[in-house]
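Worksheet: one structure, shown below.
Residue numbers (full-length UniProt numbering): 1 to 308.
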């Protein structure tokens with residue numbers, strides 16, 4: 001019997017998935033755990049190979065290994081959820097990314113928060129580890145700061161599967177493919193799912209001490225990547241809003257923020273402080289991403305894999 005399935009999607013990051021799995025082998029817990037890894041590369045299958053290598057050395061937890069050849073983050077997440085919900089006795093489905101390492105007390109902290117709040121979805125803090133030295137301007141950027149809320153407790157929404165624990169029965173009620181596969185390479189299908197759950201009355205909580213550490217590759221510490229991440233967030237947030245409304249209502253609600261983003265971004269570009277300039281320009285890019293979503297133009301950020 002498995003009480004908790006820890007699910008990890010991976011693609012072309014054999015070093016990353018190895019780091020993640022090694023961290024999970026050090027968990028301080030007596031709970032019954034199964035780990036499910038789904039590789040989104042049907043050709044190289046480097047993630048499966050990395051997991052098999054650990055299993056051959058006597059890995060601590062039972063491992064289920066899947067291959068999902070169709071490119072797409074929600075496609076992989078749906079395969080992971082389906083496999084997890086087939087496990088006898090399953091109560092919770094946890095998800096991590098393949099560039100994260102869990103603290104030894106991560107799972108205990110997640111379960112303690114869930115028990116205290118009775119939340120259907122619990123999110124946790126994401127610390128950042130940089131690949132080598134980074135420029136001072138980049139170190140100040142909000143997207144490279146730890147994802148933290150300062151305290152544990154009930155919250156309105158969790159917006160990511162990068163560090164999350166979900167009640168299995170709450171997932172089961174969402175059907176066979178809860179993540180929107182139309183968002184295959186854009187990102188944002190996790191926030192869309194949790195927004196849908198919130199609208200259905202599900203409860204959310206935050207576990208500040210359920211920590212994982214994300215390794216940030218050097219290829220993401222650039223002005224271009226940070227600006228385009230803002231563009232993508234603006235786009236996918238708007239796609240999520242339109243999933244629960246219509247384009248005209250969303251456009252009307254977003255118009256002040258779009259106009260403000262263009263004004264603040266344009267004026268902010270005049271500063272000589274590179275850190276401030278990139279942050280302020282990010283508001284313009286986020287506004288542009290909202291317009292892209294409203295006009296049906298999608299940027300597929302996840303066509304490119306960062307890190308190893």
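No residue lacks a Cβ here, since even glycine has one placed at the ideal position from N, Cα and C. All values derive from a computational prediction rather than experimental measurement.
In chain order, what residues of the same chain lie with their CB nearer than 6 angstroms to the CB of residue i, ignoring the 5 residues before and after it?
i, result
"residue 65", "37, 48 and 51"
"residue 292", "235"
"residue 213", "101, 127 and 129"
"residue 18", "50"
"residue 287", "258, 261 and 262"
"residue 62", "34"
"residue 301", "187 and 232"
"residue 117", "154 and 205"
"residue 109", "207, 209 and 210"
"residue 175", "none"
Am I right that residue i and residue j are in contact with their C-beta atoms under 8 angstroms? What's the rounded C-beta distance?
i, j, result
"residue 306", "residue 217", "5 angstroms"
"residue 7", "residue 84", "6 angstroms"
"residue 289", "residue 277", "Not a contact, Cβ separation roughly 18 angstroms."
"residue 78", "residue 3", "That belief does not hold up - the Cβ atoms of residue 78 and residue 3 are roughly 22 angstroms apart, past 8 angstroms."
"residue 31", "residue 107", "7 angstroms"
"residue 70", "residue 151", "About 40 angstroms; that fails the 8 angstroms criterion."
"residue 93", "residue 168", "6 angstroms"
"residue 243", "residue 294", "Incorrect: roughly 13 angstroms between the Cβ atoms, too far for contact."
"residue 322", "residue 215", "Look at the range of the chain in this structure, 1 to 308, and you will see that residue 322 is not part of it."
"residue 253", "residue 16", "That pair is no contact at about 38 angstroms."
Using a Cβ-Cβ cut-off of 7 angstroms (strictly less than) and excluding sequence neighbours within five positions of residue i, which residues of its own chain qualify?
i, result
"residue 121", "158, 164, 166, 194, 197, 202 and 204"
"residue 45", "39 and 67"
"residue 303", "185"
"residue 241", "250"
"residue 20", "8, 96, 98, 100 and 101"
"residue 274", "137"
From this set, the options, which residue's C-alpha is nearest residue i's C-alpha?
i, options, result
"residue 53", "40, 14, 2 and 273", "14"
"residue 231", "191, 190, 206 and 284", "284"
"residue 210", "153, 181 and 179", "153"
"residue 89", "295, 108, 34 and 246", "34"
"residue 160", "220, 258, 73 and 26", "73"
"residue 104", "248, 219, 26 and 116", "26"
"residue 233", "192, 275 and 92", "192"
"residue 98", "253, 23 and 297", "23"
"residue 279", "223, 16, 80 and 149", "223"
"residue 9", "246, 162, 92 and 178", "162"
"residue 155", "238, 206, 136 and 20", "206"
"residue 87", "245, 109 and 5", "5"
"residue 264", "254, 252, 273 and 282", "282"
"residue 188", "239, 149, 172 and 228", "239"
"residue 112", "29, 308, 228 and 272", "29"
"residue 177", "118, 300 and 82", "82"
"residue 179", "135, 76 and 124", "76"
"residue 200", "173, 118, 190 and 219", "173"
"residue 190", "123, 255 and 60", "123"
"residue 299", "270, 228 and 139", "228"
"residue 296", "183, 271 and 59", "183"
"residue 135", "237, 59 and 219", "219"
"residue 323", "12, 60 and 270", "Because residue 323 is not part of the residues shown, which for the chain are 1 to 308, the question remains open."
According to DSSP, which residues form a beta bridge with residue i?
i, result
"residue 207", "124"
"residue 39", "10 and 67"
"residue 147", "126"
"residue 96", "8 and 163"
"residue 102", "212"
"residue 155", "204"
"residue 33", "4"
With a CB to CB cut of under 8 angstroms and the five nearest residues on each side skipped, what residues in its chain are close to residue i?
i, result
"residue 170", "120, 121, 197 and 202"
"residue 149", "125, 155, 206 and 208"
Closer than 7 angstroms to a non-hydrogen atom of the ligand HEM - does that hold for the CB of residue i?
i, result
"residue 261", "Annotation note on the ligand HEM: not contained in the displayed structure, which lists no ligands."
Problem set entry | Unbroken stretches of the beta strand (DSSP E), 3 residues or longer, contained in the segment 201-275 | Entirely contained in the segment 201-275, the beta strand (DSSP E) runs reaching 3 residues are, in chain order, 204-216.
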